[in-house]
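Take a look at the structure below.
There are 2 protein chains.
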Amino acid sequence: MMHTGPCQRYVFAGPRAGAMLRFGPTVVKGVVDSFIHLTNARGSAFNCLLRGRIAKHLEGISSHVPESSVSTIGFIGGTGPEGRGLAVRFAAAGHNVVIGSRDASRAVEAADEVKIILSEVSDAADVRGALNADAASASDIVFIVVPYAGMMRSLEQLSSSLAGKICVNVISPLSFAGGIPAAAPPEIGSAAEEAAQYTPDLRWVAGLHTLSARDLLKPTSSLDTDAIICGDDDDAKLTVSALLSEVPGLRPVDAGSLQSARYLEGATALLININKRYKSHASLTIAGLNVG
Amino acid sequence: MMHTGPCQRYVFAGPRAGAMLRFGPTVVKGVVDSFIHLTNARGSAFNCLLRGRIAKHLEGISSHVPESSVSTIGFIGGTGPEGRGLAVRFAAAGHNVVIGSRDASRAVEAADEVKIILSEVSDAADVRGALNADAASASDIVFIVVPYAGMMRSLEQLSSSLAGKICVNVISPLSFAGGIPAAAPPEIGSAAEEAAQYTPDLRWVAGLHTLSARDLLKPTSSLDTDAIICGDDDDAKLTVSALLSEVPGLRPVDAGSLQSARYLEGATALLININKRYKSHASLTIAGLNVG
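Those protein sequence lines, which keep their order, are chains V and P.
Take the first sequence: its letters are residues 1 to 292, numbered as in the numbering used here.
Take the second sequence: its letters are residues 293 to 584, numbered as in the numbering used here.
As C-alpha cells, then:
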C-alpha cells in the first residue's frame, strides 16, 4: 500500500464520497469536498478532495518525510497495449510493476518494451515480466486485462492468490460480427459482474475501459481525460482513485455500483465505432462534473 | 429544409464521411476533412468540415444572400426538460419549433415557458405548442422525446404523418429498481432499434441522450460538449449534424450505425449514476477526436 509518513491512506477524489485514512490502527472516515495538496510515496504532488476531520488530520502529517515503500501493481494478461500503457503510467508515478502473461518470455519482452519507453522518465520504478500467477501473488493491486475469452479461466487459476486483493477489471467483451464493433456482454450484464459473481472474495473495481492505450504509452504527455471506475467496495474504489490521481492529467470519476460496468464496457464499443469513423484514438470524458 | 442561396445543403461534421450538397437537381457527393465557414438560414456563422469538390462548389455560392426560409423542428412529447431544452436551442438558431404533447394545453404551456427563456435571445424563431399529431405533420425534422413507455404507442399513432421524415430518437429506457438507475433495453438491444424495426419508413437517427437538459435551457451559454448521434441513414445524419452544428458549443459526433444507440442509451444510465454521486448535471464528451 501507499504510505505518507506514519499514515496509511486511502483518499477518494469524488465530492461528498466517504474518504478514509488509516493512522496505524486508527481509521478516520469523513466527507470530501475541497482540495488539498499531498505528496505520494515518491514525493510527487497530487490533489485530493478533502475537508473537515480528514483535512485536519492531514495537516498534522503533511510535514512528514515520505517513506520509500511503494505499492506493487500487477497486470494479468498485461502484454497488450492496455496493460503496457497502464504499466508505463504507474511505473512513471513510482510504483513497481509486474507484467503478467501465460508465457513468461512474452511477459519479459513486454516489460523490456515498457522499460525502453520509461527511459524518457526520471525516477521510474521497477518493471518486470512474470507468469500471471507470480504477478498475482507479488502485487498489492491487480489489473485484469486478459481478453474476455480468457477471463474465467484466468480467475479459476488465480483466485486463491488474488483473494482479498483489489482487482480492477478492464475487460470489455466485444464482437465484430458483420464488420460492426459491438458489445457482447454475458447474460448477467457485464464481464465485471460475471467476474465478481464467480470470485466474490476478490475486492472488485471495474473501469479504465475508455482510455486510449496509445495515449497511455506516451509517458511524458498529460492524458487530459477521465478514468471512469465503478464498484461495490467503496474502500477499494478509494485506493484505486488515489492511484489513478497520480497519473498526470487523469481524473478518476466514480460511476457508482459495479453494475455501471455495463455502460463502461458498452462505451468501449461506442469508442471503437467512433475511432473507426474518425481514424482517431479518442477517450471518454465527463463534462460539467461538479468537483472542487 | 435549410437553404443557402439557391442550394439545398446537407453538410456533415465528421472527417472523411461523405458530405452531400444539392444544387437544384444536382447532387454533389464528396469527402470531408477541412474547415469552411458558412452561414445558416438566419445568417449565423457556423463551421463545416469540407474539402475538394464540395468546398469548390461552396466557394461559388458563398456570396449568395441567405433566404429567409427555415426548417421547422418538431418535438413529440416535448414538454419535458429535454424537449424544451432542445426547443430553446433550435429556436435560438432560427428554426421554427413545434412542441408536441398528447395534451394541447400542456404543449402551449411548455411553448410559453420556452418563449420566456428565449426573451434573452435576439432573433429567435417562432415556438408554438400543439398536439403531437400536429407537431409531426408540421415539421421537417422530428425529435422523439416521449418516455420509453409511450414510444411504441406514439409511433403507432403518428407513423403515417412521420413517414419519410427524419426522426431523431432521444429515448433511453431506464429502470430504478433497488434505487440504482439502470438501463432497461428492449430485447433487440435499444429503444432506437426497436422503433426503427417497427417503423422502417421513417428516416431514423438516434442521439443527444447524453446532453444536460439544464444546460440546454440556458440559451446564452455555450454548451461546450458533444452531441453523439448514430444511424443507418447517412444523409439523415448529415442533416441532423448540420442542425446541431448551429447550436453554440455543440459538436456533432457520428458514432456509426443505429446499433450504437445501445451504448448511448446505456450512457444515460451511466451519467445519472455519476450525477447522483457528484450532484452535477454532467454530459458526455469525446476527447482526442481527430477533426479539423
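For glycine and all other residues, C-beta sits at the position ideal for the given N, C-alpha and C.
Where P:Arg-543 is concerned, the enclosing beta strand (DSSP E) starts and stops at 542-546. The bridge partners DSSP lists for V:Arg-128 are V:Val-98. Around the beta carbon of P:Gly-421, a 10 Å sphere encloses 16 or more other beta carbons of the protein chains shown; the residue is thus reported as buried. Residues of chain P with a Cβ closer than 7 Å to the Cβ of V:Val-253 are, in chain order, Ile-566. Only those residues of the region 568-579 of chain P whose C-beta falls short of 9 Å from the nearest C-beta of chain V are listed: Lys-568, Arg-569, Tyr-570, Lys-571, Ser-572, His-573, Ala-574, Ser-575, Leu-576, Thr-577, Ile-578 and Ala-579. The shortest C-alpha to C-alpha distance from P:Phe-382 to any of P:Phe-435, P:Asp-516, P:Asn-424 and P:Ser-429 is the one to P:Phe-435.
In this chain, P:Val-380 is not harboured by any beta strand (DSSP E); it is covered by the alpha helix (DSSP H) spanning 373-384. Of the residues assessed, V:Asp-215 falls on the buried side of the cut-off, its CB having 16 or more other CB atoms within 10 angstroms. Not one beta carbon of chain P lies nearer than 8 Å to the beta carbon of V:Val-240. Check the Cα spacing between P:Val-539 and each of P:Glu-448, P:Lys-510 and P:Ser-451: the tightest is with P:Lys-510. The C-alpha of P:Glu-479 lies about 20 Å from the C-alpha of V:Glu-193. When 8 Å is used as the limit between beta carbons, V:Asp-234 is near no residue of chain P, the shortest such separation being about 11 Å. The C-beta separation of V:Ile-228 from V:Leu-284 comes to about 7 Å, placing the pair in contact by the 8 Å criterion. Assigned with DSSP and collapsed to three states, V:Ile-188 falls in coil, not helix or strand. What P:Gln-551 touches in chain V, judged by beta-carbon distance under 8 Å, is Ile-180 and Ala-182, going in chain order. Check the Cα spacing between V:Ala-163 and each of V:Ser-139, V:Asp-224 and V:Gly-266: the tightest is with V:Ser-139.
Boundaries of the beta strand (DSSP E) harbouring P:Leu-576: 575-579, taken from the DSSP string.
Burial is judged here by how many other beta carbons sit within 10 angstroms of a residue's own beta carbon; V:Ile-171 has at least 16 and is buried. Proximity to P:Thr-371 across P:Ala-483, P:Ala-427, P:Arg-495 and P:Tyr-555 peaks at P:Ala-427, based on C-alpha coordinates.
Note that the region 553-571 of chain P does not touch the region 403-417 of chain P; fewer than 3 beta-carbon pairs, one per stretch, sit closer than 8 Å. In this structure, the CA atom of V:Pro-147 is about 39 Å from the CA atom of P:Ile-458. Counting only residues of its own chain and dropping the five nearest sequence neighbours on each side, P:Ala-574 has a CB closer than 8 Å to the CB of Ser-504, Leu-563, Ile-566 and Asn-567. In the structure shown, P:Val-460 falls within a strand segment according to DSSP collapsed to helix, strand and coil.
For V:Asp-226, the beta-bridge partners assigned by DSSP are V:Arg-251. The alpha carbon of V:Ala-236 has as its nearest neighbour, out of V:Leu-223, V:Asn-290, V:Thr-210 and V:Asp-201, the alpha carbon of V:Asp-201. Comparing C-alpha distances from V:Trp-204 to each of V:Pro-185, V:Val-240, V:His-95 and V:Gly-266 shows the shortest one belongs to V:Val-240. In this structure, P:Gly-548 is the residue among P:Gly-548, P:Ser-514 and P:Gly-377 with its C-alpha nearest to the C-alpha of P:Cys-522. Under DSSP, V:Val-205 takes part in a beta bridge, and its partners are V:Val-168. Put simply, the CB of P:Ser-513 is far from chain V, with every gap to its CB atoms at 8 Å or more. At the C-beta level, P:Ala-402 and P:Ile-391 come within 8 Å of one another. 8 Å or more divides the Cβ of V:Ala-149 from the Cβ of P:Thr-517.
Excluding sequence positions up to five before and after V:Leu-250, its CB lies within less than 7 Å of the CB of Leu-223, Thr-225, Ala-227 and Leu-244, all in the same chain and listed in chain order. It is roughly 15 Å from the alpha-carbon of P:Gly-369 to the alpha-carbon of P:Ser-451.
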